[in-house]
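See structure below.
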Amino acid sequence: MKDKVFFDQQDGAKDKSLEPTKAGQVMWGGRFTKPPHRLVAAFNASVHFDKRLALYDIAGSTAHARMLANQGIIDREDARKIIDGLAKVRDEVDAGEFVWKEELEDVHMNVEHRLTDLIGPVGGRLHTGRSRNDQVALDMHLYVREELRAISELTDKLQQVLLLCAEANIDVIIPGYTHLQRAQPVLFSHHLLAYFWMLERDKGRLDDALLRADMMPLGAGALAGTTFPIDRKQVADELGFAQIYENSMDAVSDRDYLIETLSALSIIMMHISRLSEELILWSSTEFSFVELDDAYTTGSSIMPQKKNPDVAELARGKTGRVYGHLQALLTTCKGLPLAYNKDLQEDKEGIFDAIDTVKIVLEVFGGMIETLQVRRDNVAVALEGDFSAATDMADYLVQKGVPFRQAHEIVGRIVRYCVDHQKPLVALDASELKAHSDYLDVDVLARLTPQAVVAARKSRGGTSLSAVREQLERAHKVIQD
Ligand code: ARG
23 MKDKVFFDQQ DGAKDKSLEP TKAGQVMWGG RFTKPPHRLV AAFNASVHFD KRLALYDIAG
83 STAHARMLAN QGIIDREDAR KIIDGLAKVR DEVDAGEFVW KEELEDVHMN VEHRLTDLIG
143 PVGGRLHTGR SRNDQVALDM HLYVREELRA ISELTDKLQQ VLLLCAEANI DVIIPGYTHL
203 QRAQPVLFSH HLLAYFWMLE RDKGRLDDAL LRADMMPLGA GALAGTTFPI DRKQVADELG
263 FAQIYENSMD AVSDRDYLIE TLSALSIIMM HISRLSEELI LWSSTEFSFV ELDDAYTTGS
323 SIMPQKKNPD VAELARGKTG RVYGHLQALL TTCKGLPLAY NKDLQEDKEG IFDAIDTVKI
383 VLEVFGGMIE TLQVRRDNVA VALEGDFSAA TDMADYLVQK GVPFRQAHEI VGRIVRYCVD
443 HQKPLVALDA SELKAHSDYL DVDVLARLTP QAVVAARKSR GGTSLSAVRE QLERAHKVIQ
503 D
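Residue 23 is where the sequence shown starts when you use this note's numbering, and the numbers rise one by one after that.
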């Protein structure tokens, strides 16, 4: 009976997959008698996903090296070699020629190792006064800062598309719903503009997350600061950071800005998902309010007639995974003692995926909305003969002095009468009206067309054409700022 099931296979193992990595390959090997087990190396490694931080890592290292020289911590000549070497590494990464090695664990050690390959042992001076803990925090801040800006721009573009679509269909009336039951008719443009304002708040949340992403952690060292006379302000200025973390322990363990980013992204996805649901409904045969462009739909492998709103469905589906990343990171950070813990390496894949997802969704939605056609004829038919003018009939009675509650009751009975007699409100004659209330004259009927109902809602933020035009004006102003 063996006394170990896995571990003893390290030496002379028959199973080659369980062999250890070769000695001397790890950059922190000094204290160790043997390298990590092959499985441990694979488990620990993050390079397969954090290599996407390479250019930020190199930018951060370049600023760090320059500061070290300015402060007389390393030689100017050494710093020059390091900075030139880093530029070569960057070119290799840019060209896709960089050879990533899992045994070097992460992006930081891959870059540093290659630097030392290229310029010799002087490369080893780069890590003076720095730890991977503040280094990875710096890389993530740089990465997220840039992505937040990019996502804000894409959000802005989608808003512009919503404005164009609203303007192109400004006077089209569709049923407005509450509880997904016909409520009151609204302008299609008004409905679409609701999403414009959601996205406007989303940009506010992205900006807010940016405030906290725009903070420089480098100089925190492993957790306690450094013995070298570094100048953090210099590095922050070179990298364009607005603020510097005031506490080294906070700097290396803070992931709030990532959680805020994931939260902002989750809310964007929630909005997109609601819009998706509407587009899916609206493009169904039952609604037929819109027709999505062929380029933004897909077919069925068996049913030749199908034209499916996959883009909207997929966006609705991907919302769940973005929420998942938010939940995952909140859970990862919960209960972590200060300062850095390896758990924090788990911050990356989720945020990378959430950012990639939101970016492609915003782009593809822009195109889908830009090309959708509103089916004006179908929409007009949809409005015929429903009871969504009932509130206006009650409002008419109120204007004649009837208390609103009483007016509500009277019109409720009229609707019941119409349902029983299978006729729309506008088909009621004078005697039928009078039978329900002395205050009802035939002039009420003119108020009950969808056009009249919409036009009457002139209150600020309402659905009348004039109010929507004002809204559009405000929207244009907001987006120009
Ligand atoms: N790959 C690590 C991460 O993503 C970098 C920091 C590692 N620090 C450490 N002390 N092991 O968090």
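The C-beta atom is built at its ideal place from N, Cα and C for all residues, glycine as well.
Simplified DSSP assignment, three categories, for residue i
i	result
L360	coil
T200	strand
M238	strand
V396	strand
V333	helix
G483	coil
L185	helix
I266	strand
S153	coil
A63	helix
A109	helix
V401	helix
R277	coil
G407	coil
L462	coil
P425	coil
Q473	helix
L450	coil
T507	Within the shown structure, residues of the chain are numbered from 23 to 503, placing residue 507 beyond reach of any answer.
A117	coil
Q93	coil
W304	helix
G146	helix
Rounded straight-line distance, which links the Cα of residue j to that of residue i
i	j	result
P207	S488	15 Å
V433	L419	9 Å
F263	G342	33 Å
A45	A64	Caution applies to A45, whose pLDDT of 49 falls short of 50 and renders its modelled position unreliable; the value that the coordinates give is listed next. Their backbone Cα atoms lie some 15 Å apart in a straight line.
M384	R277	A small fix is needed here, since residue 384 is Leu in this sequence, not Met. Going by the C-alpha atoms only, they are around 25 Å apart.
M291	S174	13 Å
R427	A457	19 Å
A497	E119	47 Å
Y439	G198	23 Å
A242	F54	26 Å
R143	G389	The displayed chain sequence assigns Pro, not Arg, to residue 143. If you take the alpha carbons of P143 and G389, they lie about 52 Å apart.
D451	D465	11 Å
R254	P331	51 Å
L221	D178	8 Å
V62	S68	12 Å
M49	S285	36 Å
G483	S211	12 Å
A246	S270	6 Å
I195	A474	11 Å
K499	R147	52 Å
G94	R88	10 Å
Q182	A361	44 Å
K225	K123	38 Å
F311	I302	10 Å
L394	E308	17 Å
L184	L209	14 Å
D365	V111	29 Å
D272	F28	39 Å
I289	N400	32 Å
Any non-hydrogen atom of the ligand ARG closer than 7 Å to residue i Cβ
i	result
Y362	yes
H149	no
K370	yes
D128	yes
N132	no
D178	no
D72	yes
R479	no
S555	With the chain represented from 23 up to 503, any question about residue 555 goes unanswered, as that position is not in the structure.
L366	yes
V519	Residue 519 cannot be examined here, being either before or after the span of the chain that is shown, 23 to 503.
S68	yes
R482	no
R154	yes
Identified DSSP bridge partners for residue i
i	result
T320	N330
E313	Q395
V208	I196
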